[in-house]
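Each remark here refers to the structure printed beneath this line.
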Amino acid sequence: MHYVERNLLGEDNVHFLYRHSDLIDNDRSCGYSKNDHNHDHENKLSRYKRAVQHGTPVRGPYNSNRKSKYLELVLVIDHGKYKELNESVKEVEHYCKNIANIIYGLYAPLNIFVALVGVVIWTDHDEITKSSNPIDTLTGFLRYRRQKLVPEHFNDNAQLVTKFVFEKGTVAKALKGTICTFQYSGGVTTDFSPVAGIVAGAVAHVIGHNFGMEHDSSICSCPDEKCIMTTNITATAPTHWSSCSVESLELALSKGMGYCLENKPVALFDGSLCGNGFVEEGEECDCGLPEYCTNQCCDPETCKLYGNASCATGECCDLKICKLKGVGTLCRSADQECDLPEYCTGQNEYCPDDVYKTNTEICADGEAFCYEGSCRTRSDQCKLLWGPTGEVSDEKCYKLNVKGGRHGHCGYSFFNETFVKCNEENILCGMLHCTNRNDQLEFGLEATSILSHAFLSVNGSIKACKSAVIDLGLDQADPGMVPNGAKCGESKMCVNQKCVSVSSVAGHCHCKQGYTLPFCEHIHPGGSVDSGPVSN
């Protein structure tokens, strides 16, 4: 068996060939336990580069859909690995891009698309104290992510690649089911192989634990001798996921662990790069690395369309014939009461931007108002958190929100671990209070949440006020709070934990099929000012 690897700097189309026998396969293991629960002047500073976050998200991937998840990843390279790569920031960056592209290819079959949004290089010294005990090193790295990485450079997940050797042959360490969390979404991996693809497989394994996967056992079905979540990480590089890994991922996502993964990145690390799976400036398409590309419309070596193709990526491209779909073809259905469908224009391979009904339109039988395409009531949110028996607690529970503590508040800062008190007029828009027959949190991870059970005496009976601060990342609203759009009074709605008067924020006019804009009076295929025309 041989491994072919591209030249690190991509010069002259040079590749490296490794024999399998050249790769010493010592007994290495993942340290996961079920109990865990411009480079002209390279100054000696910790270097960080990240895409500037402005504008619209990147396009693609070609095989993405409405259920796709997007993991914004930062790779951190320790001082030892930086020295090994000739103290060259350029070499380290290429190394990281190579690793990230391989991880992208491994996760794409799971409908998870990994986007490298940042690289940190410890050029002067290591930013944490490393220990032969991998859990101590992991603890230090996760603290570093919370205190420095996330505040300065946002990410969904961060992974440290180190030349440090851990005890007992351990090469990787991560906590299970912590993806998206501010506190624990990350891992550490020893760079134990000269082949970047093998190290990338180990990093993918670590991220798998963050997604809630355990090691494969004898009951797992695997198309190869070993799958990615094998217990022993070896010099071979598994490329498939076992049945157990797929089941674990589905369970984790059902519990909300993909909460932070709905948005596409605005830009990727260091600009356009053919092979990362995302269509960026200067590219006509991008289907990933050649060994993973199954798109017959796109040349993976050049990221250009094949000669007979007019498209290769969007929802309005027919990938079987590489041609645009007809005008008015439905490309995104309305997925709930406050959403609107979108239709192909016949001029672009991408579906028009997602639009929705006017904010403040009444929904849920008068219990809520549409807000940014969603219709959420307190009752809906209680069921989301606590299961089908979840119900809204007595309104007196919401008076606890003026205290600004774990039993009631209008916001919690994970950075300084402080609560925000609600003003009296906003108590119905603060922390969500529920009651149910299930003590287990059904959405999010209990271990990273702050749970509260308070009890009040109301007219001689005891009322339960169950609440939670849920850590699912900082880029989305805490699902333990009253959702935006919930009714908080006559012609009033909750917006960002404040009870405000209903007012129009944005208007998107939409005509029924057969009529034209702007007043829906004349015969036309229909559609909206934003969402494209409806077909017949």
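Anchor point for the sequence shown: position 49 equals 1414 in this note's numbering, and the numbering is continuous, going up by one each time. The C-beta atom is built at its ideal place from N, Cα and C for all residues, glycine as well. It should be emphasised that the depicted structure is a prediction, and the values quoted were computed from it without experimental measurement.
Residues near residue i by beta carbon distance below 6 angstroms, same chain, minus five either side
i, result
"L1839", "F1547"
"R1802", "T1754"
"D1683", "K1690"
"D1387", "For D1387, the pLDDT reaches just 40, beneath the cut-off of 50, and the residue's location in the model is therefore unreliable, although a value from the coordinates is still provided. Closer than 6 angstroms at Cβ, skipping near neighbours: no residue."
"C1728", "E1702, C1703, C1735, C1740"
"Y1657", "G1470"
"T1742", "A1729, E1732, A1733, A1851"
"H1341", "The structure shown does not extend to residue 1341, since the chain is modelled only from 1366 through 1901, so no value can be given for it."
"L1514", "A1523"
"K1495", "T1502, F1529"
Same chain only: Cβ atoms within 8 angstroms of residue i, ignoring 5 sequence neighbours per side
i, result
"S1613", "F1576, G1577, M1578, E1579"
"V1423", "A1480, K1629, P1630, V1631, A1632, L1633, F1643, V1644, E1645"
"H1444", "W1487, T1488, D1489, H1490, D1491"
"S1582", "C1609"
"L1670", "E1649, C1650, C1662, C1663, D1664, C1676, A1677, C1687"
C-beta contact flag for residue i and residue j at 8 angstroms
i, j, result
"L1816", "L1806", "yes"
"I1467", "G1562", "yes"
"I1544", "N1522", "yes"
"C1747", "C1716", "no"
"K1828", "L1821", "yes"
"C1799", "S1826", "no"
"H1605", "C1587", "yes"
"V1454", "T1502", "no"
"N1660", "C1681", "no"
"A1473", "L1438", "no"
"K1761", "L1626", "no"
"C1663", "Y1469", "no"
"C1859", "C1794", "yes"
"K1538", "I1500", "yes"
"G1425", "T1678", "yes"
"T1593", "Q1524", "For clarity, residue 1593 is Ile in the given sequence; the question names Thr instead. No. Outside cutoff."
"S1744", "E1726", "no"
Candidates the options: closest to residue i by CA position
i, options, result
"K1688", "K1455, D1700, S1675", "S1675"
"V1847", "E1855, C1864, L1837, D1836", "C1864"
"N1724", "K1857, N1520, S1550", "K1857"
"K1541", "G1809, Y1509, S1497, C1663", "G1809"
"K1533", "C1681, I1598, V1484", "I1598"
"C1853", "P1844, H1774, Y1763", "Y1763"
"H1708", "S1744, S1610, G1693", "According to the sequence shown, residue 1708 is Tyr rather than His. Among S1744, S1610, G1693, the Cα nearest to that of Y1708 belongs to G1693."
"L1750", "E1666, G1672, G1679, D1843", "D1843"
"V1530", "P1665, I1493, K1513, D1556", "D1556"
"K1432", "L1670, D1745, L1618", "L1618"
"S1429", "E1452, L1475, E1811", "L1475"
Expected contact under 8 angstroms - CB spacing of residue i and residue j to nearest Å
i, j, result
"I1477", "V1457", "Not really, about 25 angstroms apart at Cβ, beyond 8 angstroms."
"V1767", "E1789", "6 angstroms"
"G1636", "G1653", "With a Cβ gap of about 17 angstroms, G1636 and G1653 do not count as contacting."
"Y1777", "V1834", "5 angstroms"
"T1596", "P1603", "The Cβ separation is near 12 angstroms, so there is no contact."
"G1551", "F1506", "6 angstroms"
"E1732", "Y1721", "Actually they are not in contact, since the Cβ atoms of E1732 and Y1721 sit about 18 angstroms apart, beyond 8 angstroms."
"G1770", "V1785", "The Cβ separation is near 10 angstroms, so there is no contact."
"V1526", "V1568", "7 angstroms"
"F1779", "D1836", "7 angstroms"
"L1440", "V1484", "5 angstroms"
Residue i in three-state terms, based on DSSP
i, result
"N1463", "helix"
"K1828", "strand"
"Y1435", "strand"
"V1560", "coil"
"L1616", "helix"
"S1411", "At S1411, the pLDDT of 39 sits below 50, so the modelled position is not reliable and the matter cannot be decided from this model."
"G1505", "helix"
"S1675", "coil"
"V1530", "coil"
"R1317", "Because the chain here runs from 1366 to 1901, residue 1317 falls outside it and cannot be looked at."
"I1442", "strand"
"D1664", "strand"
"H1580", "coil"
"H1818", "strand"
"G1879", "Bear in mind that the predicted position of G1879 carries a pLDDT of just 48, short of 50, making it too unreliable to give a figure here."
"T1813", "helix"
"N1575", "helix"
"G1795", "coil"
Chain-order list of residues whose beta-carbon lies under 7 angstroms from that of residue i (same chain, five-residue window excluded)
i, result
"R1511", "F1547, Q1548"
"K1462", "L1481, L1638"
"E1648", "S1637, C1639, C1668"
"Q1841", "Y1624, C1625"
"G1752", "N1801, N1803, E1807"
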